[in-house]
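Protein sequences appear in the order of chains A and B.
FYI, the numbering for the first sequence is 40 to 328, going by the working numbering.
FYI, the numbering for the second sequence is 21 to 364, going by the working numbering.
Ideal placement from N, C-alpha and C gives every residue a C-beta, glycine not left out.
First up is the structure itself, then whatever we jot down about it.
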Amino acid sequence: MSAFIQYTVQGLAGGGFYAMAALGLAVIFGVLGVVNFSHGACYMLGAVAAAVLLDVLHVHFWVALAVVPVLLFLVGVLMERLLIRWLLRLDPLYNFLLTFGLSLILVDLVKRRYGVSGLPYERPAGLAGQLHIGSIGLPAYSVFVWLFSLLICGIVWLLLTKTRVGMIVRASTEDAERTRALGINVGRWVTPVFGFGIALAGLAGVMAAPFRAITADMGSNFVIILFAVVVIGGLGSILGAVVAGFLVGLVEAYGQAYAPTFAQVAIFVLMAGVVLFRPAGLFGRDESA
Amino acid sequence: MTHPLQNSTNSSRSPEPDAAGPLRDGRHSPLRWVMLAVGLIAALALPWFIYPPVAMDIAAWALFAISVDLLLGYTGLLSFGHAAFWGSSSYVTGLVAIHWGVPFPLAILGGMVFAMAIAVPIGYLSVRRTGIYFAMVTLAFGQMIYFVANQLSDLTGGENGLQALPKNFFGVSSVETDAFSFYYAAIGLILLGIWAAWRIVHSPFGRVLVAIRDNPARARALGYDVDHYKIIVFVLSAGLAGLAGGVFAISHGFTSLEELNWTTSGKVVLITVLGGIGTLWGGPLGAAIVITLEDRLASSGFEGTGIILGSIFVLIVLLFRHGIWGTARDLLQRRRDARKGPVD
């Protein structure tokens with residue numbers, strides 16, 4: 040039983056990364072209609088930025104947690120202003136291909152600068168050990184990742200539901216055309232929303248820094264799983280991204296524990312099932328898209 | 021609804037199949053035969069000018085790109101998981117060649133059949149979505165095949181890949197040892213694949229595909245089972261990708277997980293888009309450029325291939341969305357129109 044709880048916490052922690060990053064992907068898709076292929080590269084940039092900040096400027100993990108998303112926000116703003124913007128009126132596949140090219144560039148730039156071996160990052164003091172609840176020992180950092188990602192998802196949820204900006208974002212996700220017709224300047228929010236989505240990927244990257252090997256390729260598989268997550272959750276759905284993120288994390292963790300050979304395949308089997316029985320995704324609306 | 025990567029004004033410069041009505045079909049025009057002859061001569065002369073193994077790579081990637089274009093350019097479906105068919109065929113081809121020692125065309129046939137077999141369920145599931153979703157779903161399924169191959173390391177050699185694939189060719193020893201001879205033994209298979217693609221595109225079936233690309237709702241209203249057509253072309257495309265992957269594996273004498281990875285799927289999409297989609301000439305053109313470039317970069321010791329390829333991708337998508345072949349044809353068309361003046 041205690042092993043099961045450990046796997047669950049591990050899965051919820053792994054799912055936390057997916058949920059945060061998928062949330063960013065979903066928000067960007069909702070407002071811009073862009074599926075950002077470079078999301079994995081941005082996640083990687085977040086982790087690398089945290090490692091470099093620690094190594095060069097001795098910036099502590101907790102500070103990096105606040106600073107790196109701001110940096111990635113700026114990266115996102117630049118990406119949107121310089122590149123993404125020009126293709127927004129065309130078929131979304133163009134931006135899919137553009138961000139794919141961008142991600143090739145980013146990964147190879149990091150590879151050339153920092154090599155292929157992982158950058159070191161120690162777990163922050165206080166989160167390094169085990170957390171004992173009754174007789175069950177849980178890795179403190181995993182619990183932290185799980186709770187923190189829940190917190191972030193909650194904050195984003197509040198932002199989207201309780202603020203005017205959030206209302207605009209949700210409205211343009213639902214129906215950009217009609218939102219415009221109501222006199223809302225949707226275009227004004229395109230750049231900040233893109234930056235915000237990238238910042239979420241970066242935040243997931245910082246969180247992953249003490250947890251995973253920091254390499255240029257760390258985002259390559261991540262982004263594929265992320266696509267599976269949003270297909271499972273329903274691409275337009277904010278709630279779907281979060282729920283499917285944690286779900287996929289759990290499937291991965293249980294898979295690794297009970298059927299290690301097919302842990303990663305299990306995610307795609309889940310996706311195949313969703314595509315077969317609910318093509319629009321668990322929380323997506325059916326619009327034969 | 022969706023005509024991916026086709027310009028919004030595609031009625032004026034649409035790809036070959038619907039460029040003219042059945043009566044004015046361009047395929048019998050003299051220019052078409054001249055181009056065909058030039059293409060054939062280029063394919064046969066290639067190893068005289070380029071290091072033969074690289075020439076073989078170009079030919080294999082050319083067919084691979086054509087298989088992607090069959091979906092992207094002619095049916096309007098962007099598959100981002102075609103490495104699954106290219107790569108799995110390369111493994112099955114290798115296994116058949118190693119364990120049974122049959123002549124390599126037979127081994128490749130085995131790989132091709134396998135690629136088509138796994139394309140049936142993948143295609144069945146993927147065609148349930150279109151546009152960007154189709155790209156994501158095929159990408160994910162492609163990666164699933166990668167993970168499966170990685171796990172079946174007893175069979176696939178895991179991280180090491182499959183080594184020492186024999187090039188048995190009915191006892192002709194020069195084919196087995198000499199890359200130049202091997203090229204001529206294998207180029208027939210590639211040309212056969214390209215011919216098959218040409219037949220598909222110019223058949224009634226191919227015209228239905230273009231109808232589906234341009235207006236799926238109308239095609240459905242006309243009584244065509246759209247999903248059924250998509251699955252069939254998906255499987256045919258997988259077969260061509262498998263043929264190309266098999267030739268590639270035998271030519272190199274080994275295969276690895278890299279051939280199954282999504283970076284391979286991305287590379288073939290790059291080649292297709294760079295050459296120009298919706299034209300069977302685009303794939304070979306794109307392959308010649310990208311493979312030669314990669315070869316040059318590798319031999320000069322430059323390690324950031326991704327930076328170059330990624331930049332090409334970004335530039336093409338931003339500036340030359342019709343690819344090289346498409347852009348050239350647009351220019352030609354514009355000049356011809358200008359000379360003719362505003363008729364019809």
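Residue i (DSSP reduced to helix, strand or coil)
| i | result |
| --- | --- |
| H272 of chain B | helix |
| H119 of chain B | helix |
| L182 of chain B | strand |
| I253 of chain A | strand |
| L113 of chain A | helix |
| F225 of chain B | helix |
| T197 of chain B | helix |
| R148 of chain B | coil |
| V74 of chain A | coil |
| S99 of chain B | coil |
| R317 of chain A | coil |
| T202 of chain A | coil |
| K287 of chain B | helix |
| W250 of chain B | According to the sequence provided, residue 250 of chain B is Lys. The question's Trp does not apply to it. Helix, per DSSP. |
| S276 of chain A | coil |
| S32 of chain B | At S32 of chain B the pLDDT is 38, less than 50, meaning the model places this residue with poor confidence; the figure from the coordinates comes in the next sentence. Reduced to three states, the DSSP call for S32 of chain B is coil. |
| V224 of chain A | Residue identity check: residue 224 of chain A is Asn in the sequence provided, not Val. It is coil, neither helix nor strand. |
Cα-Cα separation, residue i to residue j
| i | j | result |
| --- | --- | --- |
| Y94 of chain B | G131 of chain B | 25 angstroms |
| L172 of chain B | D214 of chain A | 46 angstroms |
| I223 of chain A | S211 of chain A | 9 angstroms |
| G265 of chain B | T113 of chain B | 9 angstroms |
| P24 of chain B | F161 of chain B | Note on P24 of chain B: pLDDT 49, under 50, position unreliable in the model; the coordinate value appears next. Their backbone Cα atoms lie some 21 angstroms apart in a straight line. |
| V221 of chain B | S259 of chain A | 35 angstroms |
| L90 of chain B | P178 of chain A | 51 angstroms |
| R37 of chain A | M83 of chain A | Outside the shown range of chain A, which is 40 to 328, sits residue 37 of chain A, and nothing can be said about it. |
| G151 of chain B | R233 of chain B | 11 angstroms |
| A237 of chain B | F154 of chain B | 17 angstroms |
| I165 of chain B | N75 of chain A | 23 angstroms |
| V70 of chain A | F233 of chain A | 8 angstroms |
| F235 of chain A | W228 of chain A | 10 angstroms |
| G312 of chain A | H102 of chain B | 21 angstroms |
| F139 of chain A | V116 of chain B | 35 angstroms |
| G165 of chain A | L62 of chain A | 28 angstroms |
| V281 of chain A | V270 of chain A | 12 angstroms |
| F84 of chain B | T218 of chain A | 44 angstroms |
| C192 of chain A | L277 of chain B | 36 angstroms |
| G53 of chain A | V287 of chain A | 8 angstroms |
| P42 of chain B | S223 of chain B | With a pLDDT of only 40 at P42 of chain B, under 50, the local geometry of the prediction cannot be trusted, and the value read off the model is given with reservation. Computed Cα separation, rounded: 11 angstroms. |
| R369 of chain B | L263 of chain B | Within the shown structure, residues of chain B are numbered from 21 to 364, placing residue 369 of chain B beyond reach of any answer. |
| S319 of chain B | V54 of chain B | 35 angstroms |
| A63 of chain B | R219 of chain B | 19 angstroms |
| H99 of chain A | R162 of chain A | 11 angstroms |
| K250 of chain B | G143 of chain B | 8 angstroms |
For residue i, the residue or residues it bridges with in DSSP
| i | result |
| --- | --- |
| P159 of chain A | DSSP output for P159 of chain A lists no bridge partner at all. |
| L170 of chain A | A:L177 |
| I237 of chain A | Answer is none; I237 of chain A lacks a bridge partner. |
Beta-carbon proximity check, residue i vs residue j, cutoff 7 angstroms
| i | j | result |
| --- | --- | --- |
| F202 of chain B | V192 of chain B | no |
| F189 of chain B | P123 of chain B | yes |
| Y133 of chain A | P249 of chain A | no |
| I277 of chain A | L111 of chain A | no |
| I311 of chain B | I78 of chain B | yes |
| V290 of chain A | A305 of chain A | yes |
| A231 of chain B | P72 of chain B | no |
| I86 of chain B | A217 of chain B | yes |
| V245 of chain A | A89 of chain A | yes |
| F56 of chain A | L274 of chain A | no |
| A80 of chain A | G284 of chain A | no |
| A255 of chain A | V95 of chain A | no |
| V337 of chain B | L137 of chain A | yes |
| A261 of chain B | F105 of chain B | yes |
| G181 of chain B | T275 of chain B | yes |
| E279 of chain B | G59 of chain B | no |
Residue i CB to nearest heavy atom of the ligand NAP below 6 angstroms
| i | result |
| --- | --- |
| Y144 of chain B | Because no ligand of any kind appears in the structure shown, any question about the ligand NAP cannot be addressed here. |
Contact set between the segment 133 to 156 of chain A and chain B, restricted to residues whose Cβ is under 7 angstroms from the partner: Within the segment 133 to 156 of chain A, the qualifying residues are Y133, F135, L136, L137, F139, G140, L141, L143, I144, V146, D147, L148 and R151.
Listed from N- to C-terminal order along the chain, which residues in the segment 152 to 165 of chain B have their beta-carbon within a distance smaller than 7 angstroms of any beta-carbon of chain A? Close to chain A, meaning a Cβ-Cβ distance shorter than 7 angstroms, are the following residues of the segment 152 to 165 of chain B: I152, Y153, A155, M156, V157, L159, A160, F161, Q163 and M164.
Residues within the segment 113 to 125 of chain A neighbouring chain B, beta-carbon criterion of under 9 angstroms: L122 and W125
Of all the residues that make up the segment 93 to 123 of chain B, which are near chain A by a beta-carbon distance shorter than 9 angstroms? Within the segment 93 to 123 of chain B, the qualifying residues are L98 and F100.
When Cβ atoms are compared, which residues of the segment 317 to 329 of chain B fall closer than 8 angstroms to chain A? E323, G324, T325, G326, I327 and L329
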